[in-house]
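Asks: Sharing a structure here in C-alpha cells format.
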Amino acid sequence: MKFVLKNYGCQMNVNTAAKITQQLLAAGHTVAATDEEADVIIFNTCCVRNTAEQKILSHIALAKQIKRHKPNLKIAVIGCLSAKRKISGVDILLGTDNAMDVVEKLGVSLQTLPAEQSATAYIDITYGCENYCSYCIVPFVRGKLRIRPREEIIAEFNQVKNTAKDIYLLGQNVNAYPGFPGLLAELAQQDGDFTLHFLSAHPKDFEIKTIQVMAQYPKIAHDVHLPMQCGCDKILKLMNRKYTTADYLKKVELLRKYIPDIHITTDIICGFPGETEEDFNETVAMVKKIKFSAAYIFPYSNRTGTAADKMPNQVPFQTRKARATKLVEIMRKMS
Ligand code: 5AD
Ligand code: SF4
C-alpha cells in the first residue's frame, strides 16, 4: 500500500504523525510520491486557528476529487478537527485520543518496532489541557488533563536515548506534570548522546526549580518556549492566562540570570477582543524589551465554543492582521 500522511499543527501532531509513519513503514508500506498515486491519504489535523481549519478542509476536498476517479482510495481524517466537527465523504474519522488506531483501521497489523532510528524523538508526558485560556479550543478537542504514568515515559525514553540526538518531552503545558523538574533532572542524567528539550511551558506554572535543573544538567537544551500571548495585563486577564506582565518578566529575568545563553521563544495573539491600540502598544513594548529569539505571531481567530468568541468589542479582522503584520516587522528589524 502506498500512503500519504499530511500533517498540520503542533508538535503533538508531529509526534503522532511520526509514529504512524513508522508503523506503516515497519509493516512494509511505502510513501506515495503524489496524492494521485496513493492508496490512502491520511490527514492529521489541527483546528487551533480558522486558517488551519479552512486549509485542511480544502485539502480534504481535493482528496475527495481524486477519490471520484479512484474509488479505492481511502481517506482518513484524524486528530483535532475530526474531534471538533463531522467531516463527510471520508472513510476513517478518528479524534485525538484514538488517532493511532488509524493503522489498525487500515487493516495493517501492528509490528513490533525496532528501536527508533530517527534523529529526533518525541515523548508525550501529559495529554489534554484544562486551563481554558479563553481563546483556545484545545481543552474542548483534546479533553481533560491526563498525566502519563512515569514508568511509561521512562520506558519510551530508554528506547530512544541511545539513538536520538534530540528528545522532546511534550505536553500542552509540561509544567502540569507533577514534579516536572524532578522528571527532567532524572532524564537528563541518563547515559546517551542526546539533548533534552520540552514543549510547551505555561508561564503561570513555570517554576524556578525547572530553571535550576536546566542550568545544572548539560544535556538539557538552553531553549524554552514560553508563550506570552500578549503584553498587556488587561488582555491577559481576559485571556484567562493567570499571570501578569510583571510575573512574565520575572521568569524571563530568572531564566537569563541562571542561563545567560538561554533562547526564549514565544507565541503572541494580536487583536484579541477588547484590545485597543494602546493595549497593542504595550505588547509591542514588551516584545522590544524582552528581545525574544523568535516569536510566532497570530491574528486572533474566533473559535466556536470558546469564551472569547462571545466577548464584546471584537476587533475587526483587518486590524488583527495589521497588528500581527506590524509585530512581525518589528521582530524582523530586531533580529
Ligand atoms: N487565535 C489565534 N491564535 C491562537 N492560538 C491558540 N488559539 C488561538 C486563537 N483562537 C495560538 C496561541 C498558542 C498557539 C499554539 O496558537 O498563541 O500558544
Ligand atoms: Fe490552550 Fe491555554 Fe491549554 Fe495552551 S494552556 S492548550 S493555550 S487552553
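According to this note's numbering, the sequence shown holds residues 689 to 1023 in order. The C-beta atom is built at its ideal place from N, Cα and C for all residues, glycine as well.
Tell me whether the beta-carbon of Asp723 lies closer than 8 Å to the beta-carbon of Ile754.
Replies: The answer is yes: Cβ separation under 8 Å.
Asks: Tell me which same chain residues have a C-beta within less than 7 Å of the C-beta of Arg944, skipping the five on either side of it?
Replies: Within the same chain, Arg944 has close Cβ partners Ile950.
Asks: For Lys979, tell me which candidate among Thr992, Glu941 and Leu884 has the shortest Cα-Cα distance.
Replies: Residue Glu941 is the option with its Cα nearest to Lys979.
Asks: Closer than 6 Å is what we want: which residues have a beta carbon that near any heavy atom of the ligand FAD? List them in chain order.
Replies: Because the ligand FAD does not appear in the structure shown, any question about it cannot be addressed here, the ligands present being the ligand 5AD and the ligand SF4.
Asks: Less than 8 Å between the beta carbons of Gly767 and Asn701, yes or no?
Replies: Yes, the pair counts as a contact, with Cβ atoms nearer than the cut-off.
Asks: Only counting the same chain, and skipping five residues up and downstream in sequence, which positions put a Cβ closer than 6 Å to that of Asn738?
Replies: Hits under 6 Å: Ser989.
Asks: With a cut-off of 8 Å, do at least 3 Cβ pairs link the region 836–848 to the region 785–797?
Replies: Result no; under three Cβ-Cβ pairs closer than 8 Å.
Asks: Using DSSP with H/G/I as helix, E/B as strand and the rest coil, what is Asn834?
Replies: The sequence given here places Arg at residue 834; Asn does not occur at that position. Arg834: strand per DSSP, three-state reduction.
Asks: Tell me which residues share the same chain as Asp789 and place their Cβ nearer than 8 Å to its Cβ, disregarding the 5 neighbours each side in the sequence.
Replies: Counting only Cβ-Cβ distances below 8 Å, and skipping sequence neighbours, we find Leu782.
Asks: Does the beta-carbon of Pro915 have 16 or more other beta-carbons within 10 angstroms, so that it is buried, or is it exposed?
Replies: Burial call: buried.
Asks: Ends of the alpha helix (DSSP H) at Tyr946?
Replies: That run of the alpha helix (DSSP H) goes Thr933 to Tyr946.
Asks: Please return the same chain residues whose Cβ sits closer than 6 Å to the Cβ of Gly697, not counting the five positions on each side in sequence.
Replies: Once the five neighbours on either side are set aside, the close Cβ partners of Gly697 are Cys734.
Asks: Report buried or exposed for His885, applying the criterion of at least 16 other Cβ atoms within 10 angstroms of its Cβ.
Replies: Buried, by the Cβ-count rule.
Asks: Using DSSP with H/G/I as helix, E/B as strand and the rest coil, what is Cys735?
Replies: Residue state, collapsed to three classes: coil.
Asks: Just the Cα atoms here: how many angstroms apart are Thr883 and Met927?
Replies: Near 33 Å, if we compare the C-alpha coordinates of Met927 and Thr883.
Asks: Grab the span of the alpha helix (DSSP H) containing Pro987 for me, first residue to last.
Replies: It is not in any alpha helix (DSSP H) - Pro987 instead sits in the beta strand (DSSP E) that spans Ala982 to Pro987.
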